[in-house]
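Report on the following structure.
Protein chains: 2
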Amino acid sequence: MSLKLAVLGLLDVEPGSGYALLQRFRTSLGFFWQTTHQQLYKELHGLHEEGLVDCETVSQETRPDKKVYSLNARGAAELDALLTKAATPTKIRDPLLVKIFCGRRLGSDALRAEVESHRRKHEQTLALYRMLHEQIGKRPAAVRQRYHHPELTLRLGIRFEEAWLAWCEEIGAEL
Amino acid sequence: MSLKLAVLGLLDVEPGSGYALLQRFRTSLGFFWQTTHQQLYKELHGLHEEGLVDCETVSQETRPDKKVYSLNARGAAELDALLTKAATPTKIRDPLLVKIFCGRRLGSDALRAEVESHRRKHEQTLALYRMLHEQIGKRPAAVRQRYHHPELTLRLGIRFEEAWLAWCEEIGAEL
DNA sequence: TGACATTATGCAATTAATTGCATAATGTCG
DNA sequence: CGACATTATGCAATTAATTGCATAATGTCA
Numbered sequence: 001m002s003l004k005l006a007v008l009g010l011l012d013v014e015p016g017s018g019y020a021l022l023q024r025f026r027t028s029l030g031f032f033w034q035t036t037h038q039q040l041y042k043e044l045h046g047l048h049e050e051g052l053v054d055c056e057t058v059s060q061e062t063r064p065d066k067k068v069y070s071l072n073a074r075g076a077a078e079l080d081a082l083l084t085k086a087a088t089p090t091k092i093r094d095p096l097l098v099k100i101f102c103g104r105r106l107g108s109d110a111l112r113a114e115v116e117s118h119r120r121k122h123e124q125t126l127a128l129y130r131m132l133h134e135q136i137g138k139r140p141a142a143v144r145q146r147y148h149h150p151e152l153t154l155r156l157g158i159r160f161e162e163a164w165l166a167w168c169e170e171i172g173a174e175l
Numbered sequence: 001m002s003l004k005l006a007v008l009g010l011l012d013v014e015p016g017s018g019y020a021l022l023q024r025f026r027t028s029l030g031f032f033w034q035t036t037h038q039q040l041y042k043e044l045h046g047l048h049e050e051g052l053v054d055c056e057t058v059s060q061e062t063r064p065d066k067k068v069y070s071l072n073a074r075g076a077a078e079l080d081a082l083l084t085k086a087a088t089p090t091k092i093r094d095p096l097l098v099k100i101f102c103g104r105r106l107g108s109d110a111l112r113a114e115v116e117s118h119r120r121k122h123e124q125t126l127a128l129y130r131m132l133h134e135q136i137g138k139r140p141a142a143v144r145q146r147y148h149h150p151e152l153t154l155r156l157g158i159r160f161e162e163a164w165l166a167w168c169e170e171i172g173a174e175l
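Protein chains in written order, with the UniProt record's numbering: chain A, 1 to 175; chain B, 1 to 175.
So this is what it looks like as structure tokens:
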């Protein structure tokens, strides 16, 4: 259901082709929801069939044709309806934790290596999030207002990556 | 794949019926991996078909019959193989964040209420995790050693819940 | 005694997500 | 010119996860 919400939400900001939506998705919602182009295109087909979005084929001279989707009135109503429903808090769902939990069979070395590799990735992600956050901060107040909600989510992302990092360092030293 | 790993990991500690495994799952691995009894039973059937676990039907006088599963040599080998494969770091995947991201359509009041409700839930979860962590701390060193890996995961759980809480408080005040 | 909780197991349908494969046009670099 | 990246779209198969429904035995409380 969240993908539907995500796509409607993206289209609410501005119309776009599946490809363009995917680009935007990857640098925003994609930080805490994942999808693939296949799934996104399928979702767009579905939304179109449901009559929640309009679709216009645009021929381009220098590029293959594209289909530009936009939110219509029914789609906006659906988006509002979805937003009203309560989101249930999700728990962490991470294969690394399952692995560590079952990890007494694996040697300390292997575990430490794995934790270190995760640490590096989370370090990179944290750097990225901080950069994005700074960029938003530099914008004029009027623009910043438009990005207020995305910014709030980014802040949780930062807190999570900090937690990951601290944990990786702590247990890496202990293993 | 993680469910398979989880089930093999649980059986590696000790054998048990689907029902018993689910109880253990809920108070351990279930903190960072979710499942339902249907899925777990299906997984057990699958593992049995694959020949990775043995199954013995035990009739009980006061309760319905149960099937006690246990890890065999092939299952142990499979568990080791799964543990060797690298776990890819997952990102957060939370409907609340998708909602907040798209939340400019929703009023501040509604968002604040939702954040507050999440805050309360994370507060409860944090309290639970801290209690469990303390309980492990009180055990004699020998027992604590056996729970070392689960304890490591619990610590990440605590850090995450702390991050959630701090974030909910911060943005709740701002919305 | 009847309602409800607990232990114990499962099937079936649907939805969501992943993975593999495929096509087609143009731009860009060496 | 040929290889590779980018823009742009999709189908099909499979696996994973959720949701709804169903059964059956016993214990417990009012």
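Built from N, CA and C at the ideal position, the CB exists for glycine as well.
These figures come from a predicted structure and were not determined experimentally.
- [ ] Quick one: list the residues of chain A neighbouring residue 24 of chain B, beta-carbon separation under 9 Å, in chain order.
- [x] Those do not exist, as residue 24 of chain B stays about 11 Å from chain A at its closest Cβ, beyond 9 Å.
TODO: Assign residue 85 of chain A to buried or exposed, taking buried as 16 or more other Cβ atoms, counted over all protein chains shown, within 10 Å of its Cβ.
DONE: exposed
Task: Beta-carbon gap between residue 90 of chain A and residue 94 of chain B smaller than 7 Å - done: The Cβ atoms of residue 90 of chain A and residue 94 of chain B sit closer than 7 Å to each other.
- [ ] Helix, strand or coil for residue 147 of chain A, going by three-state DSSP, please let me know.
- [x] coil
Task: Contiguous alpha helix (DSSP H) assignments of at least 4 residues, all confined to the UniProt domain "Transcription regulator PadR C-terminal" (92 to 175) of chain A - done: 95 to 101, 108 to 138, 141 to 146 and 148 to 174
Open item on the list: Let me make sure I understand the geometry here. Which of A:77, A:98 and A:87 has the alpha-carbon closest to that of residue 1 of chain A?
Closed with: Out of A:77, A:98 and A:87, A:87 has the C-alpha closest to the C-alpha of residue 1 of chain A.
Task: Bridge partners - residue 17 of chain A, DSSP secondary structure assignment - done: A:68
Open item on the list: Run through chain A and tell me which residues come within less than 7 Å of residue 150 of chain B, C-beta to C-beta.
Closed with: 101
TODO: Tell me where the beta strand (DSSP E) around residue 56 of chain A begins and ends.
DONE: Counting along the chain, the beta strand (DSSP E) containing residue 56 of chain A begins and ends at 53 to 58.
TODO: With a threshold of 6 Å, establish whether the CB of residue 106 of chain B neighbours any heavy atom of the ligand MN.
DONE: As for the ligand MN, it is missing from this structure, which has no ligand bound.
Open item on the list: One question on the structure: do residue 153 of chain A and residue 97 of chain B come within less than 7 Å of each other, judged by their Cβ atoms?
Closed with: yes
- [ ] On a CA-only basis, which of A:60, A:25, A:24 and A:70 is nearest residue 45 of chain A? Give me that one, please.
- [x] A:70
Open item on the list: Please list, in chain order, the chain A residues whose beta carbon lies closer than 7 Å to that of residue 156 of chain B.
Closed with: Close to residue 156 of chain B, with beta-carbon spacing below 7 Å, are these residues of chain A in chain order: 97 and 167.
TODO: Tell me, please, whether the CB atom of residue 113 of chain B is closer than 7 Å to any CB atom in chain A?
DONE: Contact of residue 113 of chain B with chain A is not assigned, every C-beta pair being separated by 7 Å or more.
TODO: Look at residue 10 of chain A and residue 21 of chain A and say whether their C-beta atoms are less than 7 Å apart.
DONE: Contact flag set, yes.
Open item on the list: Here's a check: name, in chain order, each residue in its chain whose Cβ is nearer than 7 Å to the Cβ of residue 125 of chain A, leaving out the five neighbours to either side.
Closed with: 161
- [ ] Just confirm the distance between the C-beta atoms of residue 123 of chain B and residue 172 of chain B, as a whole number of angstroms; I'd bet it's less than 8 Å.
- [x] At roughly 12 Å, the Cβ-Cβ gap does not stay under 8 Å, so residue 123 of chain B and residue 172 of chain B are not in contact.
TODO: Tell me, please, whether the CB atom of residue 83 of chain A is closer than 7 Å to any CB atom in chain B?
DONE: Contact of residue 83 of chain A with chain B is assigned, a C-beta pair being separated by under 7 Å.
Task: Top-ranked residue by Cα proximity to residue 127 of chain B, from B:5, B:48 and B:165 - done: B:165
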